[in-house]
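Just so you know, we're using the numbering used here here: the sequence shown kicks off at 1 and counts up by one.
Glycine included, each C-beta is placed from N, C-alpha and C at the ideal position.
Since the model is a prediction, treat every value here as computed from it, not as a measurement.
Note sheet for the following structure.
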Amino acid sequence: MEYRMLPIGHGHLVSEARLIAIVSPDSAPIKRLIQDARDRRSLIDATAGRKTQSVLIMDSDHIVLSSLSPASLQVLRADSQVPDETYQEEELQND
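Below is the structure:
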């Protein structure tokens, strides 16, 4: 099994296998989702102080904020098959 990491900007990475959705932060339901995650302490702000352009919903009930647009993240997701960002399960188990 491979673990591909998706760059979400400013040196931050998330696991593609754990990613459920990439959405825009503009709608009221997503704003409520962000506030609920903040209240539960499961919000991860990876914007480095910049404006939030996309919200990543993870299968661990974490919400990740990114300053990259959803379209940019989709392009990066398509390009994330770079060998340096691909880890084999055996390598992770040996650590």
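- Across the set M58, D26, T52 and A28, the C-alpha of T52 shows the shortest separation from the C-alpha of H10.
- Among the bridge pairs identified by DSSP, I20 is matched with none.
- Look at L65 here: in three-state DSSP terms it is strand.
- In this structure, the alpha-carbon of S67 lies about 8 Å from that of A48.
- Following the DSSP letters along the chain, one finds R50 in no alpha helix (DSSP H), marked with neither H nor E.
- A straight line joining the alpha-carbon of H12 with that of A46 spans about 7 Å.
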